[in-house]
Structure formats: structure tokens, C-alpha cells
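**Q**
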């Protein structure tokens with residue numbers, strides 16, 4: 001089968017942006033068209049990954065606005081929402097549009113505009129994805145993270161410091177990402193002494209509220225060859241859910257959606273966890289990087305923290321994780337994050353990651369919605 | 001190529017429902033599983049068509065909730081939003097998931113819960129899909145409809161009564177649809193004497209605000225044969241946009257999205273407009289049935305109104321349109337409508353449409369988002 005390729009990508013500056021969602025989407029979309037050297041009238045399907053433009057700024061129908069703003073009409077458009085993993089779901093939708101033969105050239109733009117709302121308001125919009133009974137009791141995603149972090153540290157005898165080291169590593173990586181929201185190193189003491197948010201997690205264990213957008217251009221591998229030598233193929237992709245009623249999970253330190261979505265992706269790509277050279281994980285909270293690195297099969301259960309302690313996941317380690325800076329330092333504009341993960345892997349695999357460059361032929365992106373409620377895993381290979 | 005088939009379908013009672021969105025989705029989902037004789041653990045992809053559960057009731061992440069409520073985990077889920085054509089976009093997403101090989105068994109559930117909000121509030125949520133500049137000037141979809149109806153009547157010398165006859169026909173059809181919100185005949189005088197909403201359109205030219213849900217089960221044709229003889233295949237499907245800046249359109253009486261999406265669908269199915277035996281059109285406003293019936297190629301431009309006057313589109317006419325009662329009498333729960341259109345065509349093609357049954361082997365559903373901003377057209381054939 002003709003595999004699906006990515007031939008161009010972009011991301012905007014992440015951070016506090018003086019631009020509305022449709023402006024952010026258009027900015028990334030135009031840049032990706034330029035990067036792929038594709039004209040807007042070649043785009044047949046145009047997907048937008050976005051969780052909540054209606055809730056955040058009272059604007060819906062943004063894919064249609066984007067088709068207008070990019071002069072891509074009459075390209076077919078739709079919005080793909082899978083809460084915080086909308087970006088990964090958009091990658092899956094774009095992949096399906098090409099793999100099914102419905103579209104010869106598909107663009108995905110993911111974005112979110114959030115910083116004009118207070119942190120409490122934004123957290124409440126995000127919390128609306130939780131089960132109504134849990135929501136009613138005041139549970140938000142940060143509080144789930146705190147409970148799970150405590151359980152993980154106790155169960156696997158991991159030191160609190162190991163969580164802090166995730167933040168330190170990812171901030172260090174973000175220093176070399178010109179698009180990152182925070183380009184500043186932090187030391188372990190700063191992380192450990194920052195204000196408590198949800199015990200044992202502190203401010204620096206959390207990603208920020210962010211505005212931003214990212215875009216990708218997809219086509220079949222045979223079409224890709226007509227455009228560029230610098231393309232990557234998606235060799236494996238899968239999605240899966242876990243119960244959104246977190247208190248029903250047998251073991252909250254295992255993310256079933258990560259296990260199941262990566263099983264599908266590995267099987268499709270005919271690859272094993274050991275084959276992965278670089279990965280972008282969904283470190284919305286530091287604890288999530290441990291859980292995903294284990295549930296993806298990179299490390300044994302309960303040993304993800306040791307890999308961070310030993311530098312295995314550093315940029316110069318055996319398996320660099322979150323070379324982009326991760327959600328932690330790059331920022332987390334909900335609908336953009338999964339797209340920006342794939343942007344980073346694409347850049348690494350075509351050797352265009354600048355100061356962040358690592359030696360990699362095979363990369364993986366894992367995008368998590370809710371508290372592991374729905375997950376997409378994408379495996380890419382350089383050519 | 002193995003075509004994509006529909007092997008089961010359901011729709012809930014449409015109208016004012018004492019149930020939240022996740023209850024409505026689960027109700028239709030369970031019924032479609034039963035209709036298809038498929039167990040929840042066979043579902044690999046589960047899509048939800050929904051425009052605005054966050055805006056209407058502060059609940060997001062509904063696909064994940066549905067996977068839980070149907071015991072379909074770890075099925076992959078995502079929400080597909082294309083405003084009022086979210087249902088048609090969901091059909092396209094489900095088609096792509098099977099056609100790409102990503103999923104062997106896909107369920108789509110479309111739904112919306114709206115009636116707990118006032119008509120003004122609901123209209124405002126819907127109007128948030130318009131261009132910000134048009135929105136700022138108070139333009140809502142009903143006002144676009146009024147302006148376009150006036151232009152159509154003047155341009156094509158059509159009598160005001162012809163619009164009223166769309167309402168009369170569709171109410172008559174809805175009388176035999178047990179799921180319809182309004183099961184009552186209306187006469188032309190009632191329509192023409194109803195209160196003005198957006199001149200020349202009156203109350204009975206508009207579809208109501210509605211709660212409801214509908215569901216479909218998709219698989220490849222070869223898999224379908226293992227389950228049932230009563231399946232239909234999707235032989236053509238396409239989607240397209242038109243500018244959402246309605247005042248920029250060269251001719252607002254032509255819906256470019258309908259023209260372009262149906263061109264794709266006809267070509268894929270290798271069919272002509274004349275081949276269609278029955279159609280469900282998006283009669284959110286009576287004028288839209290004229291425009292679509294022309295832009296789909298059923299009638300010459302400016303002559304759609306004559307077809308209604310002459311009874312061509314009656315249930316016993318040459319080309320029955322909206323045998324379900326249409327959005328006009330059946331109701332218009334945004335995310336459900338495009339799914340319910342396909343439900344009706346499915347029922348007609350397998351000969352299970354009860355008192356609404358017509359003689360048909362090939363059917364078409366046209367689902368319109370915004371004021372023609374984005375459109376999907378689906379062509380189905382009986383086996």
C-alpha cells in the first residue's frame with residue numbers, strides 16, 4: 001500500500017499571543033503551505049484540531065473560516081475534537097483521508113486560543129471533559145495528576161525529585177526551541193520549592209496555559225516524492241480510549257489508552273518499542289511522562305523514573321524524550337499540542353531540528369486526551 | 001475496492017427530551033448496535049457528530065463518555081464538528097475510517113441537546129459560526145435565509161406560496177415518521193399566516209430547536225455480508241466548502257458547497273442526478289430545499305419551486321424529497337441531523353420505512369453546515 005507521508009510542517013510562536021483562533025490557524029496554515037511548497041488550491045481536505053473555540057472565545061465554525069482565510073475553498077473541512085488530544089486525533093483523521101483515497105492532499109491545522117481567559121476559567125473548560133459526578137466533586141485534571149503522582153511515588157518507591165527532573169530536562173530542551181513559551185532553564189531546587197498545586201505536584205510540574213497553532217501537510221508517499229526528498233512516512237498510527245471515570249480504573253498508574261493505541265501503532269509499523277529513536281510524550285504534568293514512557297514499552301512498569309534519573313531520556317541519552325521542550329516548556333494550546341508533537345518528530349527525522357537535533361530515523365508521538373481518556377500514538381520514519 | 005456498507009441504524013425520538021447529550025447518544029448507540037446485531041466490543045472506531053455540547057450544557061469529551069456508556073472501550077473515539085452538518089461530516093469520517101483500513105467496524109452517533117436553552121440562546125450559539133463581522137451586525141442564519149428567499153423569489157419569479165408548499169409537504173411526510181418532533185399536518189394558509197420571522201419567511205418556514213440522536217454502523221461490504229442481507233453501500237461521498245462570508249458570494253441563490261460536494265459524490269458513484277430515486281435535503285429553512293434541489297442537479301436553476309408546485313417531490317412523485325419529514329417536521333438536533341438523513345435513506349433502501357416507504361434503489365443525503373458554508377453529500381445504493 002502507498003503509505004501516507006508528511007511533506008511540510010509549521011508551528012507558530014507558542015505563548016501569550018495577541019491573536020484570535022482564526023488568526024493563529026491561518027498563520028500556521030500559511031507557513032505549512034510555504035514549507036511544503038503546496039498552493040492552497042491543491043488542498044482537498046482541511047482539518048482543524050481544536051477543543052473549545054466556542055467556549056474560549058465564542059467562535060465556532062473555524063475550519064470553514066480557515067478555508068476562506070487560506071483561499072483553500074472549496075476544500076472539504078471539519079473540526080476534530082478529542083479534548084487535549086485533538087491534535088493527535090487530527091493526525092489520525094488526516095492520515096485516514098489520504099489512506100482512504102478521499103483526498104490527495106490534506107492539511108491539518110491544530111490550534112487553541114486560551115490565555116485571554118483566567119487560569120481558573122481555562123481549567124474549568126478543560127474539566128468539563130471529566131465525568132459529571134467527578135466534576136461535581138471538584139475534580140480537575142491537575143487534581144487527578146496529584147493523586148496519581150502520590151500513588152506512583154508510593155507504589156514504585158520513586159523519589160519526589162525524579163518528577164522534578166522531568167521539568168528540569170524539558171525546560172533545558174525548550175531553551176533551544178525558538179517557538180517555545182518558556183525558554184528558560186530551571187534547576188531542581190526551583191521546581192521543588194515552587195508553590196504546591198496538587199500535592200505532591202508543584203507549579204513547575206505543570207504545563208502552562210498557552211495560545212498557539214501548528215500545521216502539517218499530508219499526501220501519499222508516491223505524491224510526496226514529486227514534491228521533496230525531505231518527507232517522512234507515518235508507518236504506524238492507532239487510537240484508543242480508557243474509561244473517563246478515573247476512579248473506576250483498576251490501576252491509575254497505567255494508562256490503558258497509551259497501551260492500546262501504541263499496540264496498534266507498533267503492529268502496523270511492524271516495530272518494537274526498542275526501535276524508537278526519539279519520542280514526544282504528553283507531559284501536561286511531569287508524572288505523565290513517566291506513565292507514558294512505561295506504557296509505551298520504553299521502560300518496565302515503575303522504572304520510568306529511573307530512566308530520567310540516569311539521563312536515558314536526555315537529548316544526548318539513549319532515547320531522547322521531548323526534545324521540543326514538551327508541553328512543559330513549549331506550552332499546551334490544546335488543539336495544537338498533538339500537531340506540534342508530530343512537527344517536532346518530522347523536524348528531527350528530516351534533520352532540520354537545529355540545536356535540538358538528535359540522531360534518529362524512527363520517532364513516536366503520544367498525545368493524551370483528558371487524563372488518559374483517549375490517546376493517539378503515531379510512529380514516523382525518515383526516508 | 002471493497003466498498004463501505006451500512007449494516008444498522010437507529011434514531012431516537014426527536015423533540016423536547018428530558019435527557020442530557022450523553023444519555024441521548026447512548027440511547028441511539030445502543031439501538032444501532034442491536035439493529036446491526038453487533039456487540040460493543042466489535043466497535044473499533046466510535047465517532048460522535050456534535051456541534052456544541054460544551055456551549056449548550058457545559059459537557060465536553062462526550063465521545064469518551066459514550067465509549068464508556070456503550071462498553072465499547074478501548075474503541076478509538078473522536079468528535080466531528082462541522083456545525084449544522086456535523087452529521088454528514090461524521091458519515092464521511094466513518095466512511096474514511098473503514099475505507100482506509102483503520103477500522104473494521106465503526107459506529108457513528110450524532111446528537112445534540114438544545115431545548116433546555118431558549119430559542120434566542122440556541123440561535124446565538126449557532127450564529128457563532130458566522131463571520132465575526134457579519135455576526136457583529138446581528139446577522140443570524142434565519143436572517144440570511146430571509147434575504148436569500150427574497151432574492152430567489154424575485155430572481156426566478158417564484159410565488160411566495162411555493163415556499164409554503166415545502167413546509168406543507170414535509171409536515172405531511174413527518175406525520176408518518178414515529179420519531180418526528182412534529183407529527184401534524186399543516187395547510188398552506190397556516191404557513192402563510194404564521195408570524196413573520198425574517199421577511200418573507202414566516203415561522204412555518206423554519207425548522208424547530210430539537211433534542212435527539214441517531215446512529216449508524218459501518219463496515220466493509222465483505223464484512224457486511226457476514227452480518228446481513230439488508231445492507232446498503234455508500235457508492236459516492238464528498239464534501240466541500242463555500243465562503244462563510246455570505247456577502248462575498250457572487251450569487252447567494254447558488255450553494256457552491258452543494259455543487260462541489262455532489263460533483264465529487266456523483267463522480268465517485270458514477271451516477272447522474274437523474275439516477276437518484278429518493279433524497280433527504282437540509283430544509284433548515286424552506287428556501288434551502290429549493291436551492292439544494294437545483295444545485296444537486298435534480299432541477300434547472302430557478303425551477304426547484306416548480307417541482308414542488310407540481311408534486312414531483314411528493315412522496316408519490318417522481319423524486320420524493322424528505323420522506324422523513326425533513327428537518328422541518330422531524331426537527332434539527334444539529335449533530336444528529338446529517339446522521340438521521342442517512343438513517344432515512346438506509347431505511348428506504350432496505351425497504352423498512354414503514355408508511356413512508358417509496359420505491360427506491362439509489363438515495364442521496366445532503367447535509368448543509370452554516371448557510372451552505374460546508375456541505376457533505378452521500379449517495380447510497382441498495383444491494
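Residue numbers (UniProt numbering), protein chains in the order written: chain R, 1 to 383; chain X, 1 to 383. Backbone N, C-alpha and C define an ideal beta-carbon position, used for all residues, glycine too. Keep in mind it's a predicted model, so treat the numbers as computed, not measured.
1) Listing by chain order, which chain R residues have their CB less than 9 angstroms from the CB of residue 374(X)?
2) Note down, in chain order, every chain R residue with its Cβ under 9 angstroms from the Cβ of residue 132(X).
3) Measuring only the C-alpha atoms, how far is residue 308(X) from residue 364(X)?
4) So residue 370(X) contacts chain R; which residues on that side make the cut at Cβ distance below 9 angstroms?
5) Leaving aside the five residues before and after residue 53(R) along the sequence, list all residues of the same chain whose C-beta is less than 6 angstroms from its C-beta, in chain order.
6) Can you check DSSP and say which residues form a bridge with residue 211(R)?
7) Strictly under 9 angstroms for the Cβ-Cβ distance: is residue 241(R) near chain X by that measure?
8) Mind pulling the beta strand (DSSP E) runs of 3 or more residues that sit fully within the region 184–258 of chain R?
9) List the residues of chain X whose Cβ lies closer than 7 angstroms to the Cβ of residue 260(R), in chain order.
10) Do we get a CB-CB distance below 9 angstroms when we pair residue 224(X) with the residues of chain R?
11) Residues of chain R with a CB under 7 angstroms from the CB of residue 265(X): which are they?
12) Step through the CB atoms of chain X and report whether any lies within less than 9 angstroms of the CB of residue 55(R).
13) Name, in chain order, the residues that DSSP records as bridge partners for residue 47(R).
14) For the pair the region 342–350 of chain R and the region 194–212 of chain R, tell me if three or more CB-CB distances fall below 8 angstroms.
15) Indicate whether the contact test is met: 3 or more Cβ pairs, each with one atom in the region 233–250 of chain X and one in the region 315–335 of chain X, closer than 8 angstroms.
16) Could you tell me which residues DSSP pairs with residue 285(X) in its beta bridges?
17) Where residue 214(X) and residue 334(X) are concerned, what is the direct C-alpha to C-alpha distance, given to the nearest angstrom?
18) Look at the alpha carbon of residue 303(X) and the alpha carbon of residue 292(X), and state the distance between them as a whole number of angstroms.
19) Which value, in whole angstroms, describes the spacing of the CA atoms of residue 65(R) and residue 310(R)?
20) When the cut-off is 9 angstroms and only beta carbons count, does residue 5(X) lie next to chain R?
21) Does residue 51(X) have its Cβ less than 9 angstroms from a Cβ in chain R?
22) With distances taken from CA atoms, which of 227(X), 236(X), 141(X), 157(X) is nearest residue 205(X)?
23) Could you check where the beta strand (DSSP E) with residue 378(X) kicks off and where it finishes?
24) Tell me, please, whether the CB atom of residue 96(X) is closer than 9 angstroms to any CB atom in chain R?
25) Of the residues 99(R), 246(R), 15(R), which one's Cα is nearest the Cα of residue 6(R)?
26) Rank 109(R), 269(R), 57(R), 248(R) by C-alpha distance to the C-alpha of residue 43(R) and give the top, closest one.
27) Whose C-beta lies closer than 8 angstroms to the C-beta of residue 2(X) among residues of the same chain, with five residues either side of it excluded?
28) Can residue 376(R) and residue 261(R) be called in contact, C-beta distance under 9 angstroms?
29) Are the CB atoms of residue 289(R) and residue 313(R) nearer to each other than 9 angstroms?
30) Please confirm whether residue 137(X) has its beta-carbon closer than 9 angstroms to some beta-carbon of chain R.
31) Return the chain-ordered list of same chain residues with a C-beta closer than 6 angstroms to the C-beta of residue 164(R), the five sequence neighbours on each side being excluded.
32) Identify whether residue 369(X) lies in helix, strand or coil by the three-state DSSP scheme.
33) Does the region 89–96 of chain X come into contact with the region 85–103 of chain R, if we say contact requires no fewer than three beta-carbon pairs (one atom in each stretch) closer than 8 angstroms?
34) For residue 341(X), decide whether its Cβ has a neighbour in chain R, counting only Cβ atoms nearer than 9 angstroms.
35) Over the uninterrupted alpha helix (DSSP H) stretch that includes residue 23(X), give me the two end residues.
36) Between 68(X), 225(X), 166(X), 90(X), which lies nearest to residue 207(X) when the distance is taken from Cα to Cα?
**A** On the basis of the coordinates in this document:
1) Numbered from 1 along the second chain, position 374 holds the residue referred to as residue 374(X). Neighbours of residue 374(X) on chain R, chain order: 61, 63, 64, 67, 76, 77, 78.
2) Here the question's residue 132(X) lines up with position 132 in the second chain. In chain order: 20, 22, 59, 65.
3) Against the second chain, residue 308(X) aligns to sequence position 308. Against the second chain, residue 364(X) aligns to sequence position 364. One alpha carbon belongs to residue 308(X), the other to residue 364(X), and they sit about 18 angstroms apart.
4) Along the second chain, read from residue 1 onward, the residue named residue 370(X) stands at position 370. Ordered by position in chain R, the residues that pass the 9 angstroms Cβ test against residue 370(X) are 61, 64.
5) Counting from one through the first chain, the residue named residue 53(R) turns up at place 53. Closer than 6 angstroms at Cβ, skipping near neighbours: 21, 59, 62.
6) On the first chain, residue 211(R) is found 211 positions in, with the first residue counted as 1. According to DSSP, which records beta bridges pairwise, residue 211(R) is partnered with 15(R).
7) Sequence index remark: in the first chain, residue 241(R) carries index 241 (1-based). With a threshold of 9 angstroms between beta carbons, residue 241(R) makes contact with chain X.
8) Segments of the beta strand (DSSP E) lying fully in the region 184–258 of chain R: 196–198, 212–220, 232–241.
9) Here residue 260(R) refers to the residue found at position 260 when the first chain is read from its first residue. Within 7 angstroms Cβ-Cβ: 74.
10) Here residue 224(X) refers to the residue found at position 224 when the second chain is read from its first residue. Residue 224(X) has a beta carbon lying at 9 angstroms or more from every beta carbon in chain R.
11) Numbered from its first residue, the second chain carries residue 265(X) at position 265. Neighbours of residue 265(X) on chain R: none; closest Cβ ~11 angstroms, over 7 angstroms.
12) Residue mapping note: residue 55(R) aligns to position 55 of the first chain, counting from 1. For residue 55(R), the answer is yes, since a Cβ of chain X falls inside 9 angstroms of its Cβ.
13) Mapped onto the first chain, residue 47(R) falls at position 47. For residue 47(R), the beta-bridge partners assigned by DSSP are 78(R), 108(R).
14) Counting Cβ pairs under 8 angstroms, fewer than three are found: no touch.
15) No, the region 233–250 of chain X is not in contact with the region 315–335 of chain X.
16) Reading the second chain from its first residue, position 285 is the one you call residue 285(X). According to DSSP, residue pairing for residue 285(X) in a beta bridge involves 206(X).
17) Indexing the second chain from 1 puts residue 214(X) at position 214. Indexing the second chain from 1 puts residue 334(X) at position 334. One C-alpha to the other measures close to 11 angstroms.
18) For this step, residue 303(X) is matched to residue 303 along the second chain. For this step, residue 292(X) is matched to residue 292 along the second chain. Between residue 303(X) and residue 292(X), the C-alpha separation is close to 11 angstroms.
19) Here residue 65(R) corresponds to residue number 65 of the first chain, with the count starting at 1. Here residue 310(R) corresponds to residue number 310 of the first chain, with the count starting at 1. Rounded to whole angstroms, residue 65(R) to residue 310(R) spans 48 angstroms at the Cα level.
20) Along the second chain, one-based indexing puts residue 5(X) at 5. Under the Cβ distance rule, residue 5(X) does not count among the residues neighbouring chain R, no pair being separated by less than 9 angstroms.
21) For this step, residue 51(X) is matched to residue 51 along the second chain. By this cut-off, residue 51(X) is an interface position.
22) Against the second chain, residue 205(X) aligns to sequence position 205. Taking only the C-alpha atoms, the option nearest residue 205(X) is 141(X).
23) For the purposes of this step, residue 378(X) is taken as residue 378 along the second chain, with counting starting at 1. The continuous beta strand (DSSP E) containing residue 378(X) extends over residues 374–382.
24) Your numbering for residue 96(X) matches position 96 in the second chain. Closer than 9 angstroms to some Cβ of chain R, the Cβ of residue 96(X) qualifies, so yes.
25) As a first step, residue 6(R) must be located in the first chain, where it is residue number 6. The residue with the shortest Cα to Cα distance from residue 6(R) is 99(R).
26) Mapped onto the first chain, residue 43(R) falls at position 43. Sorting 109(R), 269(R), 57(R), 248(R) by C-alpha distance to the C-alpha of residue 43(R) places 109(R) at the top.
27) If you number the second chain from 1, residue 2(X) lands on position 2. Only residues of its own chain outside the window of five on either side were considered, and among them 220, 221, 222 have a CB closer than 8 angstroms to the CB of residue 2(X), listed in chain order.
28) Walking along the first chain from the start, residue 376(R) turns up at place 376. Walking along the first chain from the start, residue 261(R) turns up at place 261. The beta carbons of residue 376(R) and residue 261(R) sit closer together than 9 angstroms.
29) The residue given as residue 289(R) occupies position 289 in the first chain. The residue given as residue 313(R) occupies position 313 in the first chain. Their beta carbons are under 9 angstroms apart, which means residue 289(R) touches residue 313(R) by this criterion.
30) As a working mapping, residue 137(X) is identified with position 137 in the second chain. Output row for residue 137(X): interface = no.
31) Translated into positions along the first chain, residue 164(R) becomes position 164. Here the set comprises 188, 191, 192.
32) Along the second chain, read from residue 1 onward, the residue named residue 369(X) stands at position 369. In the three-state reduction of the DSSP assignment, residue 369(X) falls in the strand class.
33) Taking 8 angstroms as the limit for Cβ pairs, the verdict is that the region 85–103 of chain R does touch the region 89–96 of chain X.
34) Counting from 1 along the second chain, the entry for residue 341(X) is found at position 341. The C-beta of residue 341(X) comes no closer than 9 angstroms to any C-beta of chain R.
35) Translated into positions along the second chain, residue 23(X) becomes position 23. Note, residue 23(X): alpha helix (DSSP H), 21–36.
36) Numbered from its first residue, the second chain carries residue 207(X) at position 207. The shortest Cα separation from residue 207(X) among 68(X), 225(X), 166(X), 90(X) belongs to 166(X).
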